[in-house]
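**Student:** This is the structure I have questions about; it appears just below.
Residue numbers (this note's numbering): 49 to 245.
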């Protein structure tokens, strides 16, 4: 009986995803490393996110690579930069320059509240890349709406690509590279028992 109880308890603790509460402490400075791609991001505590890789290795036997940083993307490269936009359309950068957008919203995104919903995984059908990420709940859609409204009301604004479906998430790591242009939503959740330490 004691053996079964111990086994049951170890199963439940093994399936839990433990995350440092430091993930919710806002970063002090905006990280410009993706600005050249037209992005607006909410920088996060990399060490708090990186520690989740141990759980993934133990439970799923996947050793992950990462970019040595963590963030939630608010505006994606295909939305923010014309060279990534759909054919015949323009990115936000031609009406609302990236640096201006960052100046206008960086303070707001640094303190944007969010909540981790689940651990998720996506496998790219195109190249087989595997990416693990945290699906998050965030009010970032309101910032996206304000940015699009401002950009569309400027000259050439009618040529801007439509906003993409927004899947707020935090990439933890990947095998073979990140998977872009795929859903990173609740439908990819694999663990939703989130605990904090």
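Note that CB positions come from ideal geometry on N, CA and C, so glycine has one too.
Run the CB neighbour count on residue 217, radius 10 Å, all protein chains shown included, and call it buried at 16 or more, exposed below.
**Tutor:** buried
**Student:** Can you name, in chain order, every residue of its own chain whose Cβ lies under 7 angstroms from the Cβ of residue 73, other than the five neighbours on each side?
**Tutor:** 93
**Student:** To the nearest angstrom, how far is the alpha carbon of residue 174 from that of residue 232?
**Tutor:** A direct Cα-Cα distance of roughly 15 angstroms separates residue 174 from residue 232.
**Student:** Thinking C-alpha only, which one of 245, 196, 167 is nearest residue 234?
**Tutor:** 167
**Student:** On the three-state DSSP scale, how would you describe residue 195?
**Tutor:** helix
**Student:** Please report the distance separating the alpha-carbon of residue 149 from that of residue 195.
**Tutor:** 8 angstroms
**Student:** For residue 212, which three-state DSSP category applies?
**Tutor:** Note: residue 212 maps to coil in three-state DSSP.
**Student:** So, for residue 78: in the same chain, excluding its five sequence neighbours on each side, which residues have a beta-carbon less than 6 angstroms away from its beta-carbon?
**Tutor:** 154
**Student:** How big is the Cα-Cα spacing for residue 80 and residue 156?
**Tutor:** 15 angstroms
**Student:** Since residue 85 is in the alpha helix (DSSP H), which residue starts that stretch and which ends it?
**Tutor:** Element bounds for residue 85: n/a, residue is neither H nor E.
**Student:** From the DSSP output, in three-state form, read off residue 122 for me.
**Tutor:** strand
**Student:** Measure the C-alpha to C-alpha separation of residue 207 and residue 130 and round it to an integer number of angstroms.
**Tutor:** Distance between the alpha carbons of residue 207 and residue 130 is about 10 angstroms.
**Student:** With 16 other CB atoms within 10 Å as the buried threshold, where does residue 161 fall?
**Tutor:** exposed
**Student:** Using the Cβ count rule (16 or more neighbours within 10 Å means buried), how would you classify residue 59?
**Tutor:** At residue 59 the pLDDT is 44, less than 50, meaning the model places this residue with poor confidence and gives no usable figure here.
**Student:** With distances taken from CA atoms, which of 75, 86, 98 is nearest residue 182?
**Tutor:** 98
**Student:** Report the residue from 147, 202, 117 whose alpha carbon sits nearest the alpha carbon of residue 128.
**Tutor:** 147
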